[in-house]
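Reviewing the structure listed below.
Number of protein chains: 2
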Amino acid sequence: MTATTPDPGQDFDRARCSVAGTLAVVGEKWSLLVLREAFLGVRRFADLQRALGAPRAVLTDRLNRLVAEGLLVRVPYRAPGERERHEYRLTDRGRDLHPALVALMQWGDRWLAGDGAPPLALTHRDCGAPVSLGLRCAAGHDVGGPREVTATPTGRPAETPDTPAG
Amino acid sequence: MTATTPDPGQDFDRARCSVAGTLAVVGEKWSLLVLREAFLGVRRFADLQRALGAPRAVLTDRLNRLVAEGLLVRVPYRAPGERERHEYRLTDRGRDLHPALVALMQWGDRWLAGDGAPPLALTHRDCGAPVSLGLRCAAGHDVGGPREVTATPTGRPAETPDTPAG
DNA sequence: GCGGCGTGGTTCGTCAACCGAACCCAGCGT
DNA sequence: ACGCTGGGTTCGGTTGACGAACCACGCCGC
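As they're listed, the protein sequences go chains A and V. My numbering numbers the first residue of the first sequence as 7 and each following residue consecutively. My numbering numbers the first residue of the second sequence as 7 and each following residue consecutively.
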């Protein structure tokens with residue numbers, strides 16, 4: 007993201023873009039909200055339906071989709087004195103979307119009716135301090151904002167402007 | 007996100023959830039892709055349309071929406087020898103979605119046809135090292151994953167189990 | 001072994017969103 | 001005057017979301 011170069015959009019193949027790819031998986035309505043509930047520990051169809059208020063048909067479809075994509079697994083289980091049920095649990099693949107959810111949440115906390123306290127506070131379990139998401143480079147520097155990031159399309163290795171070798 | 011507590015979803019008001027709120031703003035189809043292009047430096051309607059391949063009517067609608075929501079501004083300008091045009095530029099509010107885009111991108115890089123190099127590489131402009139997004143707590147600890155995060159609905163102030171002061 | 005109930009769906013009709021293609025207008029260059 | 005380009009709007013058709021109703025399974029009480 008965040009072109010410092012004049013326009014990396016020229017020869018960058020959008021069809022392969024990871025943002026588009028990810029949105030193709032979780033970009034439909036309700037998908038990310040289903041995952042939010044999953045992170046909150048909600049696992050059963052009825053609970054999801056109650057929590058989200060989504061139409062049952064849509065919820066069925068999204069769950070099937072997320073299972074098919076490997077973000078959730080359907081796990082059968084049986085509570086004592088009840089018949090077998092199944093619940094939806096996050097996989098590693100699904101769990102790895104956590105930062106994306108947190109990023110969306112932080113934006114909402116900051117910019118939407120943001121005078122009061124955010125509806126949901128995240129704290130580090132080990133120390134109780136609030137957690138937040140940030141960019142850092144491999145050398146350990148905190149990256150302040152988009153302006154400090156250079157986006158380079160791969161395939162052409164940085165397009166070195168002083169050695170226009172071709 | 008990420009309940010360590012048994013079920014914070016019980017009394018958590020979904021209608022106020024920041025994830026839902028954010029998705030209400032940028033959750034429609036194409037919105038986040040428009041923002042991705044904005045971060046890449048694409049500013050003009052025709053360029054956006056070419057890059058995205060979105061229907062023009064939808065693109066018009068998304069741009070108007072993003073302007074109305076204050077994520078983009080329409081800036082008139084005039085190139086030499088051309089008539090006046092206007093371009094769409096990120097505001098602070100829009101720029102602040104950068105982490106969300108990066109999070110989605112990183113997920114795609116990792117999980118979608120992830121054998122080769124990611125289509126777009128992000129590096130720190132000052133030092134050239136690759137950048138990545140991560141959770142950290144205010145005490146400076148790196149947070150490994152969702153499991154290390156506790157989500158607490160506000161309104162009830164953490165439900166402190168050792169000092170049940172009420 | 002029959003009816004009721006809760007979970008987990010599916011089906012159906014309606015209504016909104018998205019789509020591609022065509023059309024339109026303003027202003028520049030010729 | 002004419003065509004070209006940028007930036008839209010309009011239009012019919014298709015897909016998707018919605019809410020309400022319906023269905024199947026299996027536990028429970030009777």
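Every residue, glycine too, gets a C-beta built ideally from N, C-alpha and C.
For residue j and residue i, believed in contact at Cβ under 8 Å, the rounded distance
i	j	result
A:Leu-128	A:Pro-136	7 Å
V:Leu-110	A:Thr-28	4 Å
A:Leu-58	V:Arg-20	7 Å
A:Arg-116	A:Tyr-94	Contact doesn't hold; Cβ gap of about 30 Å is too wide.
V:Cys-133	A:Cys-133	So it is not a contact: roughly 29 Å between Cβ atoms.
V:Arg-99	V:Gly-76	5 Å
A:Arg-101	V:Gly-151	7 Å
A:Arg-2	A:Trp-36	With chain A represented from 7 up to 172, any question about residue 2 of chain A goes unanswered, as that position is not in the structure.
V:Ser-24	A:Pro-124	6 Å
Simplified DSSP assignment, three categories, for residue i
i	result
V:Ala-63	helix
V:Ala-127	strand
V:Val-108	helix
A:Asp-115	helix
A:Leu-54	helix
V:Pro-82	strand
V:Asp-148	strand
A:Arg-20	helix
V:Val-48	coil
V:Arg-95	strand
A:Leu-141	strand
V:Ala-30	helix
V:Glu-88	coil
V:Gly-172	For V:Gly-172, the predicted structure reports a pLDDT of 27, less than 50, and the residue's modelled location is therefore unreliable. A value from the coordinates is still provided. Correct three-state label for V:Gly-172: coil.
A:Ala-74	helix
V:Thr-11	Only weak support is given to the placement of V:Thr-11: the predicted model assigns it a pLDDT of 42, under 50, and the value that follows is read from those uncertain coordinates. Three-state result, V:Thr-11: coil.
For residue j and residue i, the rounded distance between their alpha carbons
i	j	result
V:Asp-53	A:Arg-153	21 Å
A:Ala-85	V:Ala-26	32 Å
V:Ala-145	A:Gly-140	14 Å
A:Gly-87	A:Ala-44	25 Å
A:Gln-112	V:Arg-91	34 Å
V:Gly-33	V:Leu-41	12 Å
A:Leu-96	A:Arg-62	20 Å
V:Gly-47	A:Pro-82	48 Å
A:Gly-122	V:Leu-103	20 Å
A:Leu-78	V:Ala-157	20 Å
V:Leu-38	A:Arg-131	32 Å
V:Leu-118	A:Ala-74	14 Å
V:Leu-107	A:Ala-60	25 Å
V:Val-64	V:Phe-51	12 Å
A:Ala-30	V:Thr-66	21 Å
V:Val-149	A:Thr-160	29 Å
A:Asn-70	A:Gly-114	28 Å
V:His-147	A:Val-155	23 Å
A:Ser-138	V:Ser-138	14 Å
Chain-ordered residues of the stretch 119-133 of chain V with a beta carbon less than 7 Å from chain A: Per Cβ criterion, the list reads Ala-123, Pro-124, Pro-125, Leu-126, Ala-127, Leu-128, Thr-129, His-130, Arg-131, Asp-132 and Cys-133.
Residues in the stretch 85-97 of chain V having any Cβ partner in chain A nearer than 9 Å: Leu-96
Under 9 Å (Cβ pairs) to chain A, residues found in the stretch 139-162 of chain V: Leu-139, Gly-140, Leu-141, Arg-142, Cys-143, Ala-144, Ala-145, Gly-146, His-147, Val-149, Gly-151, Pro-152, Arg-153, Glu-154, Val-155, Thr-156, Ala-157, Thr-158, Pro-159, Thr-160 and Gly-161
Chain-ordered residues of the stretch 18-43 of chain V with a beta carbon less than 8 Å from chain A: Phe-18, Asp-19, Arg-20, Arg-22, Cys-23, Ser-24, Val-25, Ala-26, Gly-27, Thr-28, Leu-29, Val-31, Gly-33, Lys-35, Leu-38, Leu-39, Arg-42 and Glu-43
Against chain A: residues of the stretch 60-82 of chain V by CB proximity under 7 Å: none
Residues, ordered as in the chain, of the stretch 101-117 of chain V that lie near chain A by beta-carbon distance below 8 Å: Arg-101, Asp-102, Leu-103, His-104, Pro-105, Ala-106, Leu-107, Val-108, Ala-109, Leu-110, Met-111, Gln-112, Trp-113, Gly-114, Asp-115, Arg-116 and Trp-117
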